[in-house]
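Here the sequence shown is numbered in my numbering, starting from 2 and rising by one per residue. As structure tokens, the structure follows; a few thoughts come after it.
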Amino acid sequence: MPTVDFTLRWPDGRQQRCTSPSTVIHEHFVDGQEMPVPELVARMRVAMHAASERVRARYGFACTGAAEQLEQIEAVAARYGGDAGPVTVVAVGKPAVPEVPRAS
């Protein structure tokens with residue numbers, strides 16, 4: 002499955018590069034979107050669950066990478082209060098396509 006990298010900018014300006022195991026992230030976030038920390042966490046839970054379920058539908062098991070990424074985002078979010086200012090979804094990238102080796 003193609004993965005999608007995305008970048009978050011937290012209220013203090015710190016950026017976090019993240020990865021979704023599925024393109025479903027595009028259904029939940031867009032470039033430049035701002036929202037309060039609690040809203041980001043709630044929406045990220047829905048998005049990463051959907052991504053994990055897409056992996057399950059295709060391969061028969063949930064994606065641990067989605068769960069790990071969500072845990073990392075939740076850990077950073079816990080440092081900020083609900084009034085800390087907005088989180089910005091800086092960029093939601095194109096799917097990362099694995100490089101195919103060239104034939105010799």
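In this text, a Cβ means the ideal position worked out from N, Cα and C, and glycines have one as well.
Under the 10 Å beta carbon count, Thr89 is surrounded by 16 or more other beta carbons and is classified as buried. Counting only the Cα atoms, Thr20 lies some 7 Å from Thr4. Distances from the CA of Met45 to each of Glu35, His29, Gln34 and Ala76 were compared; the closest alpha carbon is that of His29. Inter-residue distance for Gly94 and Ile74 is about 17 Å (C-alpha atoms, whole angstroms). Per DSSP, reduced to three states, the secondary structure at Ser21 is strand. Looking at the DSSP output, Gln34 bridges to Val90.
Per DSSP, the continuous beta strand (DSSP E) segment holding Phe7 begins and ends at Thr4 to Arg10. In this structure the stretch 11-18 does not touch the stretch 57-64; the number of beta carbon pairs closer than 8 Å is below three.
DSSP assignment within the stretch 43-91 yields no whole beta strand (DSSP E) run of 3 residues or more. Contact annotation, Glu35 with Pro87: C-beta distance approximately 4 Å; criterion of less than 8 Å satisfied.
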